[in-house]
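Beneath this line is the structure, given in structure tokens, with notes to follow.
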């Protein structure tokens, strides 16, 4: 009984999250010191062991609120990525891959692509790049 | 009678003064030693790396690339392991920070944590060594009286001599390897008792960042010191002296404080923010982005380009990696990797460095392989293999012209992607790298997977350097 309930909660959370596209209830956004191939393969429960920095949520939500979800069949090729995570309003952890070039990102829990508004893409990429530099500096 | 006592008193005073003034021929006057030590240094070593030379980029070792010299008037003599040692603080011609992986985000100003040690060994040979301490987290969380961290001993030319890990009041030698290869760890493992079992392996790096305030620029470097193993209690190097110079305890005592040359370890004030020249991520104006480079023939500047490859599956030719195995993301993640370039000019006023990569401005797939192109600053992008090629000024600027002249062409996954852009840029400077074509559903072309393996297997020509170290590669240098 416990497993189906958990699955139901996850599905409800994922569904409502993806459909509504609202980011206001999300919190604890973090950016991790890992990129690309290693980041894709990292299990969600291993995030605890990766060095991270909190992302400025005021700035972040300005970008996120401009974003929209892609249709399920749409995807893109990855040429470098940052790894982030957040907790949704139900407290569930989401692992997020963020493209280094296209302004799109991928929520691994909901398996949904999002893309920030075109006129905010440059600022979004710069925001991510500078946030990552805080991690990359020794 | 009184005359007798008066005479005895005078004779006693004379004898006392006579013998107290007589020199012991076996012990040198400290002043003589100090003079000899300075003479040795000034005659044999000082011409190298003197500040007046501003000898950036002349040294094999990054630590010694910039000018520095001892501050003799603040030097002091110390007795370490039965030897007299002249210890002097150093003046550097630029701010220079060091840190270690166990130091958290603390950065130490090199002049605060380094000292010059000059001493004679048992055969009378003089040695001049730079001793640098890098306190770790435990030092700052503890009482700051017992040193905890790493201590590095380098020759004046920067070549590494000894390194030690100080932890819980104990000192262990570290095996040093500049290449960052696993050779150091393997060496330690080879020397182990067969019955030994590694419980914990901790690898240390000595990271430096050179910052020149006059130019708001700098460069970073990283040196692998090797790894320590919990079961290696004493290592293979004597800690008391002998072949280890002054020994771990000796070097540490020389840095333990006191006036003049002593480094007051407890008062070292680390900084936490390293100055890094930043740039916009998407390069809006490539001409402006590259304007700090100076096109000058001759030896004033040296030029190089580094082609960096982030293979989708490191060490394999796969043109892309489906992250199905072991991934929680499934088939929605198709990683094709990336190739980008780093242009570097050194000499003159310092180092100018710019990262450039070519991307689609929008999403692309094999079914929809084209999109407008854009040039990005890839200074935060990781890679797993690279090739650096030394260039003359005309080669370098022909490449920059190609990059600038091709600003925002159409990106095509098959015939004008990031890898073909990088290869064509090199060709503009007469640097040709034969790379295999990859094939994928709907097309094929140059790809990071094949290029990475081609670089790994190629015979290097003169002026080429291959690396598998993913070191920091920030943009460096500003101009107006």
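Residue numbers (the numbering used here), protein chains in the order written: chain A, 1 to 138; chain B, 1 to 480.
Glycine included, each C-beta is placed from N, C-alpha and C at the ideal position.
>> Less than 6 Å between C-beta atoms, sequence neighbours within five positions excluded: which residues of the same chain meet that for residue 128 of chain B?
In response: 41, 45, 118 and 156
> Considering only the beta carbon of each residue, do residue 438 of chain B and residue 319 of chain B sit closer than 7 Å?
Replying inline: yes
>> Along the stretch 69–97 of chain A, where does the CB come closer than 7 Å to a CB of chain B? Name the residues.
In response: 75, 76, 77, 78, 79, 80, 95 and 97
>> My assumption, with CB atoms under 8 Å, is that residue 87 of chain B sits in contact with residue 68 of chain B. Please give the rounded CB distance.
In response: Not quite, the Cβ-Cβ distance comes to about 15 Å (not below 8 Å), so this is no contact.
> Helix, strand or coil for residue 344 of chain B per DSSP?
Replying inline: strand
>> Between residue 393 of chain B and residue 303 of chain B, how many whole angstroms is the CB-CB distance? I'm expecting something under 8 Å.
In response: 6 Å
>> My output table needs one value for residue 283 of chain B: the three-state DSSP class, helix, strand or coil.
In response: coil
> Ends of the alpha helix (DSSP H) at residue 395 of chain B?
Replying inline: 393–405
> By the criterion of Cβ-Cβ separation under 9 Å, what are the contact partners of residue 295 of chain B in chain A?
Replying inline: Chain A residues near residue 295 of chain B: none, gap ~29 Å exceeds 9 Å.
> With a CB to CB cut of under 7 Å and the five nearest residues on each side skipped, what residues in its chain are close to residue 104 of chain A?
Replying inline: 76, 113, 114 and 115
> Are the Cβ atoms of residue 119 of chain A and residue 106 of chain A separated by less than 7 Å?
Replying inline: no
>> Is there a Cβ of chain C sitting closer than 7 Å to that of residue 380 of chain B, yes or no?
In response: No chain C is present in this structure, whose protein chains are A and B.
> On the premise that residue 246 of chain B lies in contact with residue 81 of chain B, defined as a C-beta separation below 8 Å, what is that separation, rounded to the nearest angstrom?
Replying inline: 6 Å
>> Quick check on this structure: which residue in A:57, A:101 and A:82 has the alpha carbon closest to the alpha carbon of residue 95 of chain A?
In response: A:82
>> Would residue 422 of chain B and residue 341 of chain B qualify as a contact pair, given that the criterion is a beta-carbon distance under 7 Å?
In response: yes
> Is residue 44 of chain B helix, strand or coil when you go by DSSP?
Replying inline: helix
> What's the C-alpha gap between residue 74 of chain B and residue 161 of chain B?
Replying inline: 25 Å
> For the putative contact between residue 413 of chain B and residue 307 of chain B, defined by C-beta atoms under 8 Å, what is the C-beta separation to the nearest angstrom?
Replying inline: At roughly 19 Å, the Cβ-Cβ gap does not stay under 8 Å, so residue 413 of chain B and residue 307 of chain B are not in contact.
> Considering only residues of the same chain and omitting the five flanking positions on each side of residue 66 of chain A, which have a CB-CB separation below 6 Å?
Replying inline: 116, 117 and 120
>> Measuring alpha carbon to alpha carbon, tell me which residue in B:301, B:312, B:173 and B:293 is nearest residue 251 of chain B.
In response: B:173
> Using Cβ-Cβ distances below 8 Å, what residues of the stretch 396–429 of chain B are close to chain A?
Replying inline: 413 and 418
> Quick one: Cα of residue 51 of chain A to Cα of residue 430 of chain B, how far?
Replying inline: 42 Å
> If you run the structure through DSSP and keep just helix, strand and coil, what is residue 316 of chain B?
Replying inline: coil
> What are the start and end residues of each continuous beta strand (DSSP E) run of 3 or more residues lying completely inside the stretch 121–176 of chain B, in chain order?
Replying inline: 126–135, 149–155, 160–167 and 170–173
> How is the alpha helix (DSSP H) around residue 378 of chain B delimited, first residue to last?
Replying inline: Per DSSP, residue 378 of chain B belongs to no alpha helix (DSSP H) and is neither H nor E.
> By DSSP, does residue 451 of chain B sit in helix, in strand, or in coil?
Replying inline: helix
>> Between the alpha carbons of residue 23 of chain A and residue 132 of chain A, how many angstroms are there, rounded?
In response: 21 Å
> Just checking my contact of residue 301 of chain B with residue 346 of chain B at CB under 8 Å: how many whole Å lie between their CB atoms?
Replying inline: 7 Å
> Anyone know if the C-beta pair for residue 451 of chain B and residue 435 of chain B falls short of 7 Å?
Replying inline: yes
> Quick one: what does DSSP say residue 47 of chain A is sitting in, helix, strand or coil?
Replying inline: helix
>> Assuming the contact rule is C-beta atoms closer than 8 Å, residue 295 of chain B and residue 397 of chain B should be a hit. Round their C-beta distance to whole Å, please.
In response: 5 Å
> residue 100 of chain A touches chain B at which residues, Cβ-Cβ below 9 Å?
Replying inline: 281, 338, 357, 359, 376, 378, 380 and 381
>> Taking beta-carbon pairs under 9 Å, can you tell me which members of the stretch 42–61 of chain A lie near chain B?
In response: 42, 43 and 44
> With distances taken from CA atoms, which of B:255, B:163 and B:378 is nearest residue 112 of chain B?
Replying inline: B:255
>> Contact defined as beta carbons within less than 8 Å: I believe residue 481 of chain B pairs with residue 475 of chain B. What is the distance between those atoms, to the nearest angstrom?
In response: Since the displayed chain B opens at 1 and closes at 480, residue 481 of chain B lies outside it and no answer follows.
> Can you tell which of B:471, B:400, B:249 and B:424 has its C-alpha closest to the C-alpha of residue 165 of chain B?
Replying inline: B:249
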